[in-house]
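Enquirer: If you read the protein sequences in the order shown, they are chains C and S.
All residue numbers for the first sequence refer to the working numbering, where the first residue is 30 and numbers rise by one.
All residue numbers for the second sequence refer to the working numbering, where the first residue is 30 and numbers rise by one.
2 protein chains.
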Amino acid sequence: MSTSTVTTASKERLRAWLKILKTARHIEKELRERFRTELDTTLPRFDVMSALSRAPDGLKMHELSSALRVSNGNVTGIVDRLVDNGLVQRQAVQGDRRAQLICLTPLGITTFGDQARIHEAWVDELLTDLPPSDVEQLMDLLDLVH
Amino acid sequence: MSTSTVTTASKERLRAWLKILKTARHIEKELRERFRTELDTTLPRFDVMSALSRAPDGLKMHELSSALRVSNGNVTGIVDRLVDNGLVQRQAVQGDRRAQLICLTPLGITTFGDQARIHEAWVDELLTDLPPSDVEQLMDLLDLVH
Chain C
30 MSTSTVTTAS KERLRAWLKI LKTARHIEKE LRERFRTELD TTLPRFDVMS
80 ALSRAPDGLK MHELSSALRV SNGNVTGIVD RLVDNGLVQR QAVQGDRRAQ
130 LICLTPLGIT TFGDQARIHE AWVDELLTDL PPSDVEQLMD LLDLVH
Chain S
30 MSTSTVTTAS KERLRAWLKI LKTARHIEKE LRERFRTELD TTLPRFDVMS
80 ALSRAPDGLK MHELSSALRV SNGNVTGIVD RLVDNGLVQR QAVQGDRRAQ
130 LICLTPLGIT TFGDQARIHE AWVDELLTDL PPSDVEQLMD LLDLVH
């Protein structure tokens, strides 16, 4: 390959990356705003509840952090607030006095179910110009990136 | 359209959005780490310098904030540090005593040029499995989202 071909390839990949980033930031910003104004919650709170909804037996703190790929410190604050709101509870782990399992309360399960339906409808609206028949192709292309 | 078709469409769009988000977060995390460990800088600092590099006449603070879509407060701290490092300078605006123009210093211009080349090479490496010939198709699909 000539130098100019290599340069073009890297410029093309840079364009692709900047577009992915711009798209993700645009949609994420819109969702953050709607979570705040319409559901009086936040995207990180929703993400924590979403992770817990997939773990009916509960998660340890470090498991929750790694599921979300954020620091323990941030997750602790979010879990504290969710506990205050009665949406999440901490349970002792038998045989390990220092560990706790975090799980949704019954109220948390129904609240998350409602929020997840609304979230899915928002995404459907924001991505309305993307035909479902094109989704597989987009997934395949993004698989090459990730 | 039947209910199940509508449901499938919104589930497909949700899949697409979660994939876009996951891809963006994965690449961004990798870039953040490299900026920190290999260039002793941060992604927000790089973004500020990138915006300034496209504005040789300088930008007012609110123009810089809106170019980056972040709050003024965060940008002020980043600009302060870049000024301390001699990479950015503030200039008075003729006829408007309260306004300042922010621009790169000569050292900032060469430093950003070096960082931008390295950043492009990282992206080229991280997206190496994406053939440049597929980029246009990915851009077209993401145009439908954004």
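Built from N, CA and C at the ideal position, the CB exists for glycine as well.
No experiment lies behind these values; they were computed from the predicted model shown.
(1) Are the beta-carbon atoms of C:Ile-147 and C:Leu-88 separated by less than 8 Å?
(2) Between C:Gln-123 and chain S, is the shortest Cβ-Cβ distance under 8 Å, so that the two count as touching?
(3) Tell me C:Asp-125's beta-bridge partners as DSSP assigns them.
(4) So what's C:Leu-159 in DSSP terms, helix, strand or just coil?
(5) For S:Thr-37, which option in C:Leu-97, C:Gly-137, C:Arg-61 and C:Ala-150 has the closest C-alpha, if you only look at C-alpha atoms?
(6) C:Met-168 versus chain S: which residues are under 9 Å apart at the beta carbon?
(7) Between the C-alpha atoms of S:Val-104 and S:Val-77, what's the straight-line distance to the nearest angstrom?
(8) Quick check: what's the CA-CA separation for C:His-175 versus C:Lys-40?
(9) In chain C, which residues lie less than 8 Å from S:Ser-94 when you measure between Cβ atoms?
(10) Which residues of chain C have a Cβ atom closer than 9 Å to the Cβ of S:Thr-66, listed in chain order?
(11) Please confirm whether any heavy atom of the ligand SAH lies closer than 7 Å to the CB of C:Arg-110.
(12) Are the segment 149-165 of chain C and the segment 53-68 of chain C touching, with three or more C-beta to C-beta distances below 8 Å?
(13) Report the rounded CA-to-CA distance for S:Leu-136 versus S:Leu-72, giving the unit in angstroms.
(14) Thinking C-beta only, is C:Gly-106 closer than 8 Å to C:Thr-134?
(15) Taking CB distances under 8 Å as the criterion, tell me whether S:Leu-173 reaches chain C.
(16) Going along the chain, which residues of its own chain have a beta-carbon closer than 8 Å to the beta-carbon of C:Gln-166, five neighbours each way excluded?
(17) Name, please, each residue of chain C whose Cβ falls closer than 9 Å to the Cβ of S:Pro-73.
(18) On a CA-only basis, which of S:Glu-67, S:Gln-118 and S:Val-117 is nearest S:Gln-144? Give me that one, please.
(19) With 8 Å as the threshold, decide whether the Cβ of S:His-91 is near any Cβ in chain C.
(20) Counting only Cβ pairs nearer than 8 Å, list the residues of chain S close to C:Val-152.
(21) For S:Thr-140, which residues in the same chain have their Cβ closer than 8 Å to its Cβ, ignoring the five residues on either side in sequence?
(22) For S:Val-122, which residues of its own chain have a beta-carbon under 7 Å away from its beta-carbon, when the five flanking residues on both sides are left out?
(23) What separation, rounded to the nearest whole angstrom, lies between the Cα atoms of S:Leu-176 and S:Ser-162?
(24) Any idea what DSSP makes of S:Met-88, helix, strand or coil?
(25) State yes or no: is the beta carbon of C:Leu-97 nearer than 8 Å to at least one beta carbon in chain S?
(26) Quick check on the DSSP output: the alpha helix (DSSP H) that includes S:Leu-81 runs from which residue to which?
(27) With a threshold of 16 other CB atoms inside 10 Å of the CB of C:Arg-126, please say whether the residue is buried or exposed.
(28) Answer yes or no: does any C-beta atom of chain C fall closer than 8 Å to that of S:Glu-149?
(29) In the DSSP output, what is C:Ile-49 paired with across the bridge?
(30) Measure the alpha-carbon distance for S:Gln-118 versus S:Asp-86 and round it to whole angstroms.
(31) Using alpha carbons as the reference points, say which of C:Val-112, C:Leu-173 and C:Thr-52 lies closest to S:Leu-173.
(32) Quick one: what does DSSP say S:Leu-133 is sitting in, helix, strand or coil?
Expert: Let me spell this out:
(1) Going by beta carbons, C:Ile-147 and C:Leu-88 fall outside the 8 Å limit.
(2) Answer no: the Cβ-Cβ gap between C:Gln-123 and chain S never drops below 8 Å.
(3) The partner list for C:Asp-125 (beta bridge, DSSP) reads C:Val-122.
(4) Three-state result, C:Leu-159: coil.
(5) Cα-wise, what sits closest to S:Thr-37 is C:Ala-150.
(6) Near C:Met-168 (Cβ distances below 9 Å), the residues of chain S are Arg-44, Ala-45 and Lys-48.
(7) Computed Cα separation, rounded: 8 Å.
(8) Going by the C-alpha atoms only, they are around 18 Å apart.
(9) Ordered by position in chain C, no residue passes the 8 Å Cβ test against S:Ser-94, which lies about 14 Å from the chain.
(10) Residues of chain C with a Cβ closer than 9 Å to the Cβ of S:Thr-66 do not exist; the shortest Cβ-Cβ separation is about 17 Å.
(11) For the structure depicted, the ligand SAH is absent and the ligand set is empty, with no information on it obtainable.
(12) These segments touch.
(13) Those two C-alpha atoms are separated by around 19 Å.
(14) No.
(15) Interface residue (Cβ-Cβ distance to chain C less than 8 Å): S:Leu-173 is classified as such.
(16) For C:Gln-166, where only same-chain residues beyond five positions count, there are no Cβ hits under 8 Å.
(17) Going along chain C, no residue has its Cβ under 9 Å from S:Pro-73, so there is no contact; the nearest lies around 13 Å.
(18) Nearest of S:Glu-67, S:Gln-118 and S:Val-117 to S:Gln-144, Cα basis: S:Glu-67.
(19) By this cut-off, S:His-91 is not an interface position.
(20) Going along chain S in sequence order, the residues near C:Val-152 (Cβ under 8 Å) are Ser-39, Arg-42, Leu-43 and Trp-46.
(21) Cβ neighbours of S:Thr-140 beyond the five flanking positions: Met-78 and Leu-116.
(22) In its chain, beyond the 5 residues on either side, Ala-128, Gln-129 and Leu-130 have a beta carbon closer than 7 Å to the beta carbon of S:Val-122.
(23) The requested residue 176 of chain S does not occur in the structure, where chain S is confined to residues 30 to 175.
(24) The question names Met, yet the displayed sequence has Leu at residue 88 of chain S. Look at S:Leu-88 here: in three-state DSSP terms it is strand.
(25) Taking Cβ atoms only, chain S never reaches closer than 8 Å to C:Leu-97, which makes this a no.
(26) Here the alpha helix (DSSP H) through S:Leu-81 covers 72-82.
(27) Looking at its Cβ environment, which holds fewer than 16 other Cβ atoms inside 10 Å, C:Arg-126 is exposed.
(28) So yes, S:Glu-149 belongs to the interface.
(29) C:Ile-49 is not bridged by DSSP to any residue.
(30) So the two alpha carbons sit approximately 12 Å from each other.
(31) Comparing Cα positions, the closest option is C:Thr-52.
(32) Here DSSP, grouped into helix, strand and coil, assigns S:Leu-133 to strand.
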